[in-house]
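Worksheet: the structure to be examined is printed underneath.
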Amino acid sequence: MAIRDCSHLTSRTYVSQRLRLHYVDWGNPDAPPLLLLHGGRDHCRNWDWVAQELRSDFHIIAPDLRGHGDSQWSPDGSYSAAVHVYDIAQLIHQQQLAPVTIIAHSFGANLALRYAGIYPENVARLVAIEGLGLPPQFEAKLQEMGIDGRMRRWIDQQRQLAGRQPRRYATIDEALARMQEENRHLSPDRARHLTLHGVAQNEDGSYSWKFDNYVRPISPVDMTLEEMRHLWSRITCPVLHVYGQESWAISHLADGRMDYFPNARTVTFERAGHWVHHDRLDDFLVEARRFLRE
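In the working numbering, each number is its position in the sequence shown, counted from 1, plus 5.
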């Protein structure tokens, strides 16, 4: 499915904690609001195919998370889940989107689930594509490290990133090859679209990914699994969990975390990896439309 026409798409910004954050508005302001949240090291234009199919029914807003896409980078290199949730809360508050429907992927879906547990009255429906986060076994290992171990690891990672230069690609095609390496399910046209909107040209003519390298480390201080479960149990809106059969995250379906959602169901797509909305777009849209119309 090609992107037919983006002439109705408007690029806008809002301010959160003194940062100027970017989002695209797909128009149709009289329709119910739909927020599309991308995952880590991604950008808002990865939703273009979903947005063009749903824009007749919704007023779609797709933000770039701080440190991603065309949003500003955090000046101190800090990207905790808490500040991302604050940014989402500010966008919904400032644009008066509540009650809002949300479709979100990966890290963005994890943030959306947190927001829906904090403000259950503000979310009408939520499609979470692989958004439960790290498996409990990994979380347990982090806790076993203790706060001293987690802090030491985080400090070491920050120091390494301080000396790391963003990778430069001589051409768009070189960056495109890296995009295709990351997701073998992508069609050439879709991979090129994601690459064109995911890179910025450097002064020397080379290209680098737009995201800040400091978004990579896991924060040493975050909600515990028990606290996350508490938030999930507070979500009152219907939730559709989406998984790809070939994704690393598929094992989450058997670890019991789904049991904490009062009103949720799960759909799994064969021949799909972590980016289900790219890998099985048409089938994903069928399921999403069915869920949103229920």
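Note that beta-carbon positions come from the ideal geometry of N, C-alpha and C, so glycine has one too. None of the values given here were measured: they were computed from a predicted structure.
Spatial neighbours of residue i in its chain, beta-carbon cut-off 7 Å, leaving aside the 5 residues before and after
i: Leu297; result: Thr106 and Arg130
i: Gly122; result: Leu236, Trp237, Arg239 and Ile240
i: Ala175; result: Ser211
Residue j beta carbon less than 9 Å from that of residue i
i: Val20; j: Ile66; result: no
i: Asp62; j: His27; result: no
i: Asp227; j: Tyr84; result: no
i: Gly32; j: His13; result: yes
i: Leu39; j: Ile108; result: yes
i: Asn207; j: Arg173; result: yes
i: Pro141; j: Asp287; result: no
i: Ala114; j: Leu42; result: yes
i: Val281; j: Glu135; result: yes
i: Trp214; j: Ala180; result: yes
Own chain residues within Cβ distance below 8 Å of residue i, not counting five before or after
i: Gln163; result: Gly82, Tyr219 and Pro222
i: Arg17; result: His27, Tyr28, Val29 and Asp30
i: Arg119; result: Ala86, Val90, Met228, Met233 and Leu236
Alpha-carbon to alpha-carbon, residue j and residue i
i: Arg71; j: Leu96; result: 12 Å
i: Phe274; j: Tyr248; result: 6 Å
i: Trp52; j: His283; result: 9 Å
i: Ala205; j: His190; result: 24 Å
i: Arg157; j: Lys146; result: 15 Å
i: Leu230; j: Gln250; result: 24 Å
i: Glu154; j: Gln170; result: Reading off the sequence, residue 154 comes out as Gly, not Glu. Gly154 and Gln170: Cα-Cα distance of roughly 26 Å.
i: Ser211; j: His202; result: 15 Å
i: Trp253; j: His98; result: 34 Å
i: Val128; j: Cys242; result: 6 Å
i: Gly45; j: Asp35; result: 30 Å
i: Cys11; j: Ala196; result: 17 Å
i: Gln100; j: Glu126; result: 16 Å
i: Glu299; j: Thr15; result: 30 Å
Coarse secondary structure for residue i, derived from DSSP in three states
i: Gln100; result: coil
i: Val226; result: coil
i: Tyr84; result: coil
i: Ala254; result: helix
i: Gln22; result: coil
i: Pro38; result: strand
i: Ser111; result: coil
i: Tyr124; result: coil
i: Leu70; result: coil
Neighbourhood of residue i by C-beta, 6 Å cutoff - its chain only, sequence neighbours within 5 removed
i: Ile255; result: Tyr248
i: Tyr265; result: Arg234, Trp237 and Ser238
i: Thr271; result: His246
CB-CB length for residue i against residue j, believed under 8 Å
i: Ile93; j: Leu116; result: 6 Å
i: Val132; j: Leu245; result: 5 Å
i: His279; j: Ser111; result: 7 Å
i: His64; j: Pro104; result: His64 to Pro104, Cβ: 13 Å. No contact.
i: Tyr91; j: Gln22; result: 7 Å
i: Arg285; j: Arg294; result: With a Cβ gap of about 14 Å, Arg285 and Arg294 do not count as contacting.
i: Arg9; j: Gln77; result: Actually they do not touch by this definition, with Cβ atoms about 31 Å apart.
i: Leu137; j: Arg262; result: 5 Å
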